[in-house]
Structures are given as C-alpha cells and as structure tokens.
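Below: one structure, written as structure tokens.
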Amino acid sequence: MNLFRLLGDMTHLLSIVVLLLKIRTVKSCAGISLKTQELYVIVFLTRYLDLFTKYYSVYNTAMKLVFLGTSIGIVWYMRYHKVVKQTYSKDEDTFKHYFLILLSIILALLIHRAFDVIEVLWTFSLYLEAVAILPQLVLLQKSRNIDTLTGDYVFLLGAYRALYILNWVYRFLMENHKFRWIPWISGLVQTALYADFFYYYIKSWKNREKLKLPA
Amino acid sequence: AKVKKEKDEL
C-alpha cells in the first residue's frame with residue numbers, strides 16, 4: 326500500500342461522507358444524480374464479487390463493505406426516504422444510463438484479460454465506473470446553482486481516481502508491477518471526463534464565486 | 066502471489 330493509493334481511497338471515502346452529510350443534514354438530494362448513484366452500486370457489486378472468496382487485508386475487506394453499504398444506502402435514501410425522495414431532481418436527471426451499462430457489458434465481453442465470469446465482471450465494473458459520472462455531470466450543467474457540498478462531492482470523486490493513476494505509476498516503477506492496460510486506460514478516461522469540471526471548480530474556488538458549469 | 070497483487074485494489 327503506497328501513499329497515493331491510501332490518499333486515493335481516503336478521498337473516495339471522503340466524497341461519500343460529503344454526499345451522505347449533504348443528504349442527511351440538508352435532508353435533500355437536489356442536484357445529485359440518482360442514475361450515477363445506481364451505476365456506482367452496480368460497479369461495487371460487480372467489482373467486489375471476491376469479497377467473501379479472497380481475503381487481502383482487514384482494510385481491503387472493510388473498505389469494500391463500506392463502499393457497498395454506503396452506495397446502496399444512498400440509493401435507498403434517494404428512492405425511498407419520504408423527505409429526501411421529494412427533493413430528487415427527477416426531471417433533470419435524464420441521462421440514458423442503461424446505455425452506459427450496455428456499452429460497458431459489450432466492451433467487457435470484447436476486451437478483457439481472461440474470459441471467466443469474475444474477470445469479465447471485474448472488467449465491466451472498471452468500464453462502467455469510468456463513465457458512471459456522466460449522468461451527474463449532465464445534471465450539474467442543467468442545475469442553475471450547484472450547492473457547495475455537491476461541487477465538493479464531485480471534485481473528490483474525480484480526484485480519487487487521479488490519485489489511483491499516481492498509485493499505478495508508483496507501483497509500475499517501484500514494485501515492478503506489470504503494465505495493466507484495462508484499469509489504467511479506464512482510469513485515465515474516467516479522470517479525463519472530469520477535466521472541464523475540475524477547471525470550473527478550481528476557477529470558482531480561486532475567484533471565490535459560485536460554481537457554474539457552462540450549459 | 067500474482068493473484069494477490071493483482072486484485073488488491075478497490
């Protein structure tokens with residue numbers, strides 16, 4: 326475990342804490358895409374299939390349970406909590422996310438390291454995670470004013486995979502970890518999708534003004 | 066060992 330990896334996981338965890346904080350304290354999920362949250366549940370379910378068959382460390386198992394539990398909890402809040410579900414921006418969260426699932430399945434069936442169920446589903450989870458943020462980014466562009474916690478949530482979510490890329494570079498250079506096309510390309514695409522969000526987020530932070538994405 | 070290293074990430 327290197328520093329980049331730990332920072333990446335902590336940033337990812339922090340993004341989820343910020344989102345839960347927003348939903349629980351403000352009792353609102355305005356500006357949050359339920360579709361992106363649902364895609365994350367699928368990502369974790371298909372990536373952590375080895376949760377009960379392979380043991381790496383307490384940390385690894387604990388984090389998998391936390392990510393699974395919180396992502397399912399967030400979807401539950403947004404779908405079924407009597408107060409929160411009223412605040413869901415249903416009319417604006419219009420991205421056709423089933424299309425992303427289909428694309429990822431097809432790509433995982435075409436490009437994978439081994440053709441077995443676990444490996445193909447793991448590969449699917451990497452492809453799906455790379456594009457899972459799209460419904461959320463589209464929703465942000467439609468939102469007139471993005472509240473601070475939502476902006477922070479998306480920023481942290483983008484930052485975590487950027488830190489993972491540094492972790493892969495470190496492992497490749499220092500631990501002579503083998504070159505991994507699939508996670509690395511997926512991670513690069515994932516981080517690249519945040520590029521313009523990062524630009525506007527940092528600009529709004531520097532100019533101390535409200536975050537606004539161009540429509 | 067290889068498998069262990071391979072999928073030890075989240």
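Each protein sequence line maps, in turn, to chains A and B.
Following the working numbering, the numbering of the first sequence begins with 326 at its first residue and continues without gaps.
Following the working numbering, the numbering of the second sequence begins with 66 at its first residue and continues without gaps.
Don't be surprised by glycine CBs; every beta carbon is placed ideally from N, CA and C.
As the structure is a computational prediction, the values presented were derived from the model and not from experiment.
Could you pull the start and end residues of the alpha helix (DSSP H) that residue i belongs to?
i         : result
His289(A) : The structure shown has nothing for residue 289(A), since chain A only spans 326 to 540.
Gly476(A) : Thr473 to Met499
Arg533(A) : From DSSP, Arg533(A) is part of no alpha helix (DSSP H); its letter is neither H nor E.
I want to see whether chain B comes within less than 9 Å of residue i, judged by CB atoms only; does it?
i         : result
Trp447(A) : yes
Ser382(A) : yes
Asn385(A) : yes
Asn470(A) : no
Asp375(A) : yes
Tyr478(A) : no
Asp416(A) : no
Asp441(A) : no
Met388(A) : yes
Classify residue i as buried or exposed, calling it buried when 16 or more other Cβ atoms lie within 10 Å of its own Cβ.
i         : result
Pro539(A) : exposed
Glu363(A) : buried
Gly333(A) : buried
Thr493(A) : Checking the sequence shown, residue 493(A) turns out to be Trp, not Thr. Trp493(A) comes out buried.
Met403(A) : buried
Quick check: is the beta carbon of residue i nearer than 9 Å to any beta carbon in chain A?
i        : result
Leu75(B) : yes
**Message:** Quick test of the definition: if touching needs 3 or more C-beta pairs under 8 Å, does the segment 388-396 of chain A touch the segment 434-450 of chain A?
**Reply:** Contact between the segment 388-396 of chain A and the segment 434-450 of chain A is absent, because fewer than three Cβ pairs lie under 8 Å.
**Request:** Please confirm if the segment 350-366 of chain A is in contact with the segment 470-485 of chain A, defined as three or more CB-CB distances below 8 Å between the two stretches.
**Result:** Yes: the two stretches touch, three or more of their Cβ pairs being nearer than 8 Å.
**Message:** Please give me, in chain order, every unbroken run of the alpha helix (DSSP H) with length at least 4 that falls completely inside the segment 348-432 of chain A.
**Reply:** Qualifying alpha helix (DSSP H) stretches, in chain order: 359-372 and 383-405.
**Message:** Would you call the segment 413-423 of chain A in contact with the segment 334-347 of chain A, where contact means no fewer than 3 C-beta pairs closer than 8 Å?
**Reply:** The segment 413-423 of chain A vs the segment 334-347 of chain A: no contact.
**Prompt:** Does the pairing of the segment 458-474 of chain A with the segment 513-524 of chain A give three or more beta-carbon distances under 8 Å?
**Reply:** The segment 458-474 of chain A, when compared against the segment 513-524 of chain A, does touch it at the 8 Å Cβ threshold.
**Prompt:** Contact between the segment 369-381 of chain A and the segment 492-510 of chain A: three or more CB pairs below 8 Å?
**Reply:** Taking a cut-off of 8 Å for Cβ pairs, the segment 369-381 of chain A and the segment 492-510 of chain A do not touch, as fewer than three such pairs fall below it.
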